[in-house]
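Mapping the sequence shown onto this note's numbering, position 50 (from 1) lands on 62, and the numbers just tick up by one. Virtual Cβ for every residue (Gly too), placed ideally from N, Cα, C. Predicted model, so just to flag it, every value in this text is computed and none were measured. See below for the structure under consideration.
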Amino acid sequence: MKTGSTVFPRTIRAVLFDWNGVLINDEELHFEAFNKVLRTFGYQLTETEYKDHCLGRRDLDGFQILFHRLGWRIPVKYCVQAKAVHYRELANRSSTVPLMKGVPQLIESLRKYMRLAIVTSADRGELEALLKKAELLNVFDLLVTGEDVSRGKPDPEGYLSACESLGLKPHECAVLEDSPNTLDGLEGFGFFSVGIGDDRQFPIHARYMVLSSPEELLYSSVGSC
């Protein structure tokens, strides 16, 4: 596993970012929004359950997994819509957007010579509301959300769809992602993958580099080769 600073290969023409856990640290908001829905049915979601069944997945998939495990027959579509409303209410109460350290500076640096996209399992309304609040909505060339794909992460559909929409091949795109399962799903397509987070959460023999945060890219000579 490679760690530390690096440069993107010469072939890279776009950077595809995951959203939650890479550009923004808003999992507490999602956890509380899920619980606001589930409490109406008398259930309290634990942090472990959230991480195991909801984290990194589309809300639709998270609720379906939970309801299957609980043996509930509740309309998932209603719960997804309710969760989105709760999330926006929680986000609006905050005076700031919890972006990861160094993200605004990194985006400003990369956009000078790269196309930028976000590929996320998040709801489009949630994503656009926070991007607008952070004054970043018009910075990205493309947003691919959980509503735009038939199969959510860790399936590679979202990233492949982003490539197609940008008119690029996978080997022309770098991916910044915090999910080892999603990165594993991208293997073999030709993406230049970068894992973001504690390297202990990634396989020891992973074929991609790992950075503790996207801020580390600010201290590399990105785009210089």
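According to the DSSP assignment, residue 57 belongs to no beta strand (DSSP E), since it is labelled neither H nor E.
Between the alpha carbons of residue 82 and residue 100 lies a distance of about 27 Å. In the DSSP assignment, residue 185 falls within the unbroken beta strand (DSSP E) covering 185 to 189. Membership of residue 218 in any alpha helix (DSSP H) is not indicated, and neither H nor E is assigned to it by DSSP. With respect to the 9 Å criterion, residue 119 and residue 151 are classified as neighbours on the basis of their beta carbons. Your pair residue 33 and residue 209 checks out as a contact, with CB atoms roughly 7 Å apart and the cut at 8 Å. Residue burial annotation: residue 36 is buried, with at least 16 other C-beta atoms found within 10 angstroms of its C-beta. DSSP places residue 119 in no beta strand (DSSP E) but in the uninterrupted alpha helix (DSSP H) bounded by 115 to 122. Of the candidates 74, 78 and 185, 185 places its Cα closest to the Cα of residue 128. Bounds of any alpha helix (DSSP H) do not take in residue 34, whose DSSP letter is neither H nor E. Counting C-beta pairs with one atom in each stretch, the stretch 162 to 178 and the stretch 121 to 140 have three or more that are closer than 8 Å, which means they touch. Annotation for residue 127: no alpha helix (DSSP H) segment contains it, though the beta strand (DSSP E) segment containing it runs 127 to 131. In the three-state reduction of the DSSP assignment, residue 205 falls in the strand class, which pools E and B. Here the C-alpha atom of residue 200 lies approximately 12 Å from the C-alpha atom of residue 220. DSSP places residue 29 in no alpha helix (DSSP H) but in the uninterrupted beta strand (DSSP E) bounded by 26 to 29.
Taking the Cβ atoms as the reference, residue 86 lies roughly 7 Å from residue 53, within the contact range of under 8 Å. Just so you know, the alpha carbons of residue 170 and residue 160 end up roughly 8 Å apart. Closest in C-alpha terms to residue 27, from the list 76, 203 and 216, comes 203.
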